[in-house]
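For the sequence shown, this note's numbering begins at 806 and goes up steadily by one.
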Amino acid sequence: MKKTLLLFLVGVALSACGGKSGSEGSASTPPPQSMVADEPVDDGMGVGEIKSVELNDPLKPDMVSRGESIYDMKCSACHQLTDQRVVGPGWKGITSQRKPEWIMNMITNVEVMLEEDPAARALLEECLTRMPNQNVSIGDARDILEFMYANDGKPAGK
806 MKKTLLLFLV GVALSACGGK SGSEGSASTP PPQSMVADEP VDDGMGVGEI KSVELNDPLK
866 PDMVSRGESI YDMKCSACHQ LTDQRVVGPG WKGITSQRKP EWIMNMITNV EVMLEEDPAA
926 RALLEECLTR MPNQNVSIGD ARDILEFMYA NDGKPAGK
């Protein structure tokens with residue numbers, strides 16, 4: 806009697822562990838929306854600390870000069886001031902193609918930008934070389950941005 810009861814319980818346990826059969830088990834229901842990861846929204850500002858940039862009109866010559874010095878020291882080996890690509894893309898016209906926040910986030914937060922920002926990933930696919938982190942401060946990145954606007958022909962003040 807004990808053996809029969811034990812065999813019966815083992816049989817019930819094994820049948821309870823089995824999967825559903827037929828077409829009922831093949832159709833899967835999608836998870837509720839609360840469990841689905843949202844796609845990141847590309848607002849054109851990039852990923853990083855920079856959320857808002859106040860542009861100078863006219864440009865500040867001292868910032869342009871500092872930005873040019875930083876460009877000469879940290880950027881010129883890979884970026885031309887024309888639209889020609891060397892290692893990285895040329896800078897001519899960049900200020901009309903990208904938001905200032907995106908440019909500064911790319912300068913100061915390059916690793917995360919190359920991983921998470923669609924435009925930065927597309928540039929990486931095009932250039933095939935990761936931009937190295939130059940450890941540029943936010944202040945220096947702002948000076949570089951001012952220099953980029955000057956390079957694109959925006960007038961500087963006196």
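For each residue, glycine too, the CB sits at the ideal point set by N, CA and C.
N- and C-terminal bounds of the alpha helix (DSSP H) containing D867: 866-875
Contacts around M918, its chain only, beta-carbon distance under 8 Å, and the 5 residues preceding and following it disregarded: G851, V852, G853, N910, M911, A925
By how many angstroms is the C-alpha of T887 removed from the C-alpha of C932? 16 Å
Considering only the beta carbon of each residue, do I875 and T913 sit closer than 9 Å? no
Looking at E951: is its Cβ nearer than 9 Å to the Cβ of L864? yes
Euclidean distance between Cα positions of P960 and D945: 20 Å
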